[in-house]
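Written below as structure tokens is the structure these notes are about.
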Amino acid sequence: MDRTDYIWEGTRQLDNQTHYKPLDSPIYPETRLKVRNILEKMRQEGYINRDQQLYLLEDSPRERRFYLLPKIHKNKTTWSKPGEIPPGRPIVSDCDSETYRIAEYIESYLNPISCLHPSYIKDTYDFLEKIKTLIIPQEAFLFTIDVESLYTNIDIELGLDAVKLWFEKYPNQKRPDKFLLELLEISLRRNDFEFDSKFYLQIKGTAMGKRFAPSYANIFMANWEQKALEAYPLKPLHYYRFLDDIWGIWPFSMEEFLGFTNHLNNFSPSIKIQYNIHQTEVNFLDTITYKGPQFRYTGLLEFKVYFKETDTHSLLHKTSYHPAHTYRGIVKSQLLRFHRICSNRDQFHKATRTLFSVLRTRGYSRSFLRYTLKNYLQRKPPVETKPKIIPLVSTFSTSSVQLNRLIKANFRKFLDNTNNLQQHKIISAYRRNRNLKDLLVKSKLPPLTSRPKGKENNKTFQSKTWVTNYSTKQVYKIKQNFTLRSTNCVYLISCIKCTKQYVGQTKNSLATRLYQHHYNIRNRKETSTHIVKHFLDHGLTSLKISGLQTNQYWSLTQRLQVEKAWITKLDTRHPKGLNEN
142 MDRTDYIWEG
152 TRQLDNQTHY
162 KPLDSPIYPE
172 TRLKVRNILE
182 KMRQEGYINR
192 DQQLYLLEDS
202 PRERRFYLLP
212 KIHKNKTTWS
222 KPGEIPPGRP
232 IVSDCDSETY
242 RIAEYIESYL
252 NPISCLHPSY
262 IKDTYDFLEK
272 IKTLIIPQEA
282 FLFTIDVESL
292 YTNIDIELGL
302 DAVKLWFEKY
312 PNQKRPDKFL
322 LELLEISLRR
332 NDFEFDSKFY
342 LQIKGTAMGK
352 RFAPSYANIF
362 MANWEQKALE
372 AYPLKPLHYY
382 RFLDDIWGIW
392 PFSMEEFLGF
402 TNHLNNFSPS
412 IKIQYNIHQT
422 EVNFLDTITY
432 KGPQFRYTGL
442 LEFKVYFKET
452 DTHSLLHKTS
462 YHPAHTYRGI
472 VKSQLLRFHR
482 ICSNRDQFHK
492 ATRTLFSVLR
502 TRGYSRSFLR
512 YTLKNYLQRK
522 PPVETKPKII
532 PLVSTFSTSS
542 VQLNRLIKAN
552 FRKFLDNTNN
562 LQQHKIISAY
572 RRNRNLKDLL
582 VKSKLPPLTS
592 RPKGKENNKT
602 FQSKTWVTNY
612 STKQVYKIKQ
622 NFTLRSTNCV
632 YLISCIKCTK
642 QYVGQTKNSL
652 ATRLYQHHYN
662 IRNRKETSTH
672 IVKHFLDHGL
682 TSLKISGLQT
692 NQYWSLTQRL
702 QVEKAWITKL
712 DTRHPKGLNE
722 N
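For the sequence shown, the working numbering gives the first residue as 142, with consecutive numbering after it.
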């Protein structure tokens, strides 16, 4: 999909006025203030402590970013432009936003109760475990149901009501229900984001990308299906659901099933379904459940692996730069998956042949594949006393491999000369290096043109080599170079009309942090702070920003420590400066 088609599909979706509306400017700086007020109340009431409050409140949030994952597996006749542009799965990157950690906090409470309903399926293997012993009537139908665009179609009011009902159904005295609902509502109603340099607000549904989205959707669907099933006289014999995918057994006629699905489609205006029903087999998740040769005698279903028509089996190419054990692990993991899904050996070998024929085109030799399969089928019984593992953690490279081999060899020599650590074993644990995807793929749609590197057109930015403590007249040298694109740094704001200064820190770029300061001053936000008061009086044109110190590996705690050191060096606490006491 080229850039023009990608923007066309994104704009097509965002023009849906039922789900989105355009904004003149982002609202996330204002949302952060709302979150801060709620967190302060939670701390005062003892639900969180000071450290948790600081962690949950993002100090330098960035805008969320909307992007698409093309659904190339869909039938080409149903594409947004048939045969040309596939529909995109809308994702909103929530990382480092003002509600990112709040979403993490909400998820910690929603997740445990989201699975407390009778139709819950954890994954494929949980599904197979639950249905493998079911006795199915001979003439019963197998069916699957797919909820269309579940995440974006959940009515916010109904979703909040479902979560509130679940809180009441599963009470927990230590859970701050009132505040969780307030934070959840803010996260849903103020979900603004950027796409193609324009800002939008989601007004219906939740975004894929929110940490709590699967649990929230699960609770909504559990509430919906409970009411929908109770409201219809005929019910499936068996009914299981994995988020928006439903599998079941229908013991009545086809006409009665059509009445059932019509009821589901009209039960809630925001939920629409598509179904598939068959006498002998259906696809569900990555399995095919079917009535095998023995079904007429046992009433038990059988299972095999389901490969989508668009599945290219694009597993790691053998010539890719990875540790040798990675290739064996990939093949073994697929064999293990096939073994756990397939209910008989013939289906296992059929799935294996399909996989191996594709892997041969990706550089895997026949001898390698045969050896891996043989090794898997002749698995050794587990050792009773396993050695204790000492991991050597490093980023994968030629030098790290050589270093690890040297350490292991010397460790074996050490064991020969001592009785210590005899029950220990050293293994190499590699972090992956940056790959092409890391370098090329970003959630933010880049502009067609960009400014030349090193040139800063913003008149507010100053590149300083020296800074001064105006109380003691002591001068400090700045040893690093900065631009507005510099990130994870401690910075200085100066007023050119006087000598007042402010020291701050940010994980994001200086440009993003500068925008946030401008927003607060221009819109009279956080007027109790000395920096906002000062520049409301002296004017935004007197504000200048420059970098003091940066390190890409700093954590929040380390940035705060460096910030505190610079505040002390430059003596910028009020009344001499603009930092709070």
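Even for Gly, the Cβ is constructed at its ideal location relative to N, Cα and C. Since we're looking at a predicted model, the values are computed, not measured.
- The alpha carbon of Gly229 has as its nearest neighbour, out of Pro202, Ile390, Phe444 and Ser290, the alpha carbon of Ser290.
- Ala372 is classed as exposed because its beta carbon has fewer than 16 other beta carbons within 10 Å across all chains shown.
- Shown here, Asn622 sits in coil according to DSSP, grouped into three states, outside any helix or strand.
- Membership of Ile429 in the beta strand (DSSP E) is indicated by the continuous run Thr428 to Tyr431.
- Within the segment 394-468, the runs of beta strand (DSSP E) at least 3 residues long that lie entirely inside it are, in chain order, 414-419, 422-425, 428-431 and 443-446.
- Within the model, the alpha-carbon separation for Leu556 versus Arg478 is close to 38 Å.
- Between Ile297 and Thr240, the C-beta spacing is not below 8 Å.
- With 16 or more other CB atoms across the displayed protein chains lying within 10 angstroms of its CB, Ala363 is buried.
- In this structure Pro170 touches Gln657 by the C-beta definition: roughly 6 Å separates them, less than 8 Å.
- By a beta-carbon distance limit of 8 Å, Tyr341 contacts Pro163. Their separation comes to about 6 Å.
- For the pair Thr609 and Asn332, the Cα-to-Cα distance works out to about 42 Å.
- For Phe334, the closest alpha carbon among the candidates Gly504, Lys351, Thr539 and Met395 is that of Lys351.
- In the structure shown, the three-state DSSP call for Asn178 is helix.
- Annotated three-state conformation of Leu375 is coil, per DSSP.
- Sorting Ala570, Tyr447 and Lys515 by C-alpha distance to the C-alpha of Val542 places Ala570 at the top.
- Distance from the CA of Asp143 to the CA of Glu150, rounded to the nearest whole angstrom, comes to 11 Å.
- Following the DSSP letters along the chain, one finds Glu335 inside the beta strand (DSSP E) bounded by residues Asp333 to Phe336.
- Rounded to whole angstroms, Ser238 and Asp200 show a C-alpha spacing of 10 Å.
- Residue state for Thr691 is assigned as strand, using DSSP reduced to three classes.
- The Cβ atoms of His258 and Thr451 lie no closer than 8 Å to each other.
- For Ala570, the enclosing beta strand (DSSP E) begins and ends at His565 to Arg572.
- Counted as a single uninterrupted DSSP element, the alpha helix (DSSP H) harbouring Thr493 occupies residues Arg486 to Arg501.
- If you draw a straight line from the Cα of Cys483 to the Cα of Asn516, it comes to about 19 Å.
- Bridge partners of Pro532 according to DSSP: Ile568.
- One thing to note: Leu251 has its Cβ no nearer than 8 Å to the Cβ of Tyr380.
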